[in-house]
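What follows is a single structure, written as structure tokens, with notes after it.
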Amino acid sequence: MQRKMTTARPDYLSKVQAAGLVYTHDDAHSSSPQLYRYWRDDAYYELTPQEIEVLHQAATAVFSMLEEAGDYLLSPAGAADLARFGIPHRAMRAIRDSWNEEPACGSVYGRFDFRFGGLTHREPDQRIPKLYEFNADTPTSLVESLVQWQWFEDQPQLGSSQWTNMYEDLVAAWQRNLEIISRKIGAAPTVYFACSEEDTSHEDQMNTLVLRDTCAAAGYQTETIYIENLWVDEQGRYCAGENGPHIQVIFKLYPWEHMVHSENADELFEDMRDSGFDGTSYRGGTIWIEPPYKMLWSTKAILPVLWKLFGEDPDRSQYLLPAWFDGQAPYYIQHLGYVRKPLLSREGADITMYLPDGGLTLGEAQGYGEEGFIIQELALPPVFRREDEATDVSTVLGIWMIDGEPSGLAVRESQGPITDNFANFIPHVISR
Numbered sequence: 411m412q413r414k415m416t417t418a419r420p421d422y423l424s425k426v427q428a429a430g431l432v433y434t435h436d437d438a439h440s441s442s443p444q445l446y447r448y449w450r451d452d453a454y455y456e457l458t459p460q461e462i463e464v465l466h467q468a469a470t471a472v473f474s475m476l477e478e479a480g481d482y483l484l485s486p487a488g489a490a491d492l493a494r495f496g497i498p499h500r501a502m503r504a505i506r507d508s509w510n511e512e513p514a515c516g517s518v519y520g521r522f523d524f525r526f527g528g529l530t531h532r533e534p535d536q537r538i539p540k541l542y543e544f545n546a547d548t549p550t551s552l553v554e555s556l557v558q559w560q561w562f563e564d565q566p567q568l569g570s571s572q573w574t575n576m577y578e579d580l581v582a583a584w585q586r587n588l589e590i591i592s593r594k595i596g597a598a599p600t601v602y603f604a605c606s607e608e609d610t611s612h613e614d615q616m617n618t619l620v621l622r623d624t625c626a627a628a629g630y631q632t633e634t635i636y637i638e639n640l641w642v643d644e645q646g647r648y649c650a651g652e653n654g655p656h657i658q659v660i661f662k663l664y665p666w667e668h669m670v671h672s673e674n675a676d677e678l679f680e681d682m683r684d685s686g687f688d689g690t691s692y693r694g695g696t697i698w699i700e701p702p703y704k705m706l707w708s709t710k711a712i713l714p715v716l717w718k719l720f721g722e723d724p725d726r727s728q729y730l731l732p733a734w735f736d737g738q739a740p741y742y743i744q745h746l747g748y749v750r751k752p753l754l755s756r757e758g759a760d761i762t763m764y765l766p767d768g769g770l771t772l773g774e775a776q777g778y779g780e781e782g783f784i785i786q787e788l789a790l791p792p793v794f795r796r797e798d799e800a801t802d803v804s805t806v807l808g809i810w811m812i813d814g815e816p817s818g819l820a821v822r823e824s825q826g827p828i829t830d831n832f833a834n835f836i837p838h839v840i841s842r
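Each residue of the sequence shown is one higher than the one before, starting from 411 at the first, in the working numbering.
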């Protein structure tokens, strides 16, 4: 795995923006979000086919562990750990019912974040992918992960291929999931796609539109709506605006942890009882994608549960970092260094890194942490040299999971060890 430089395409900015990456601009040094060069056209990461296979194996293994962890959390044995997740009682029936639905249905995508420096990294521990976290409910960076294929097609001499199968895999995922849902409902539904209108960068909107387009390519009617414009009628049903049509199926790029505390939260989960995922027939309730059980995976509370269940398994624990709930970490962790993470946070916010020498690295303060924290053993991301600026960058690899299978690679790099909202997205190639 190497970071390499290339020549930026003369028209790259217009190309990536036309493809949907509207939240990148020219000025790499401006503090203004409107002038932020998020996409880097002049650099790329080269990975070998063997390294791609290792990442594929790691993602598959971790996903299998997550499935087992879900069974554990919803069993009597996992009740004490589940209580640490901070999930409101009103949501638990929907979580259990959606988890137990057979065949598995309603989850389309997610993204793992791994530490991995490549199979020839000078530090042996960096040669094995290690899970940082799972973006299970509302992952973004899908647009740029697809746009990088256009970048590769414009300069195929840089490598043999690219791990970018997400578009085709998403189409297939919609087909599989919506065939099951259509049988339940009795007809092919119109699928609504929603995000918040408060997203001024348009990142959520563009990621939502990509998912909408893949659903349409799967053969289904689609509509878009802002989450703020959803309407609950007198019968407690969700509609597309006041006096609008009833919504049978909706994808939301909007966090479950916000929905469970919303004004209509009680009506939301009462309506779900009629969606048919509890083994009864469909009775008009709205079916939500991603499903409620993603609340088990989209919190960092899942990380200490994974370590508790698999930390002593040498084959599976190799992909995990030791993790504990706050207050349960062993004393020796202070000498190794550790990271304190809020259960619910995004883009590195409110993370604190405690270094072995006593130093601190802080994520941007945004007020996360009310639900609690976890402790994760310190594992700094690999550092690569940014030759054009003679600086070092820390790199994190995102692995897209589509319908439960590894599907593609998203590489981001930051000026420091915390991947925040000023990280750059860098395309990749697979070496010849």
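Ideal Cβ positions, reconstructed from N, Cα and C, are used throughout, including at glycine.
Since we're looking at a predicted model, the values are computed, not measured.
- If you check the CB distance, Ala-675 and Tyr-636 do not come in under 9 Å.
- At a Cβ-Cβ threshold of 9 Å, Met-705 and Trp-641 do not count as neighbours.
- In the structure shown, Asp-676 falls within a helical segment according to DSSP collapsed to helix, strand and coil.
- The C-alpha of Tyr-729 is placed about 12 Å away from the C-alpha of Glu-722.
- Residues Gly-814 of the same chain have their beta carbon placed closer than 8 Å to that of Ala-514, with the five preceding and five following residues left out of the count.
- Bounds of the beta strand (DSSP E) holding Lys-540 are 540-545.
- Excluding five sequence positions before and after Asp-452, the CB atoms of its chain that fall closer than 8 Å to its own CB belong to Met-415, Thr-416, Thr-417, Ala-418, Asp-798, given in chain order.
- In the three-state scheme derived from DSSP, where H, G and I count as helix and E and B as strand, Ile-743 is classed as helix.
- DSSP places Arg-622 in the helix class (H, G or I) of the three-state scheme.
- In the assembly as shown, Leu-580 is a buried residue. Its beta-carbon has 16 or more other beta-carbons within 10 Å.
- By the CB criterion at 9 Å, Ala-583 and Val-518 fall inside the cutoff.
- Within the stretch 622-649, the runs of beta strand (DSSP E) at least 3 residues long that lie entirely inside it are, in chain order, 632-636.
- Contact check between the stretch 457-466 and the stretch 687-700: fewer than three CB pairs, one atom from each, fall below 8 Å, which does not count as touching.
- DSSP, read as helix, strand or coil, puts Asp-535 in helix.
- Under DSSP, Cys-605 forms a beta bridge with Tyr-636, Leu-663.
- Straight-line spacing of the CA atoms in Met-763 and Pro-724 works out to 26 Å.
- Note on the stretch 713-794: whole alpha helix (DSSP H) runs with a minimum of 4 residues are 724-727, 743-746, in chain order.
- Taken through DSSP and simplified to helix, strand or coil, Ala-820 comes out as strand.
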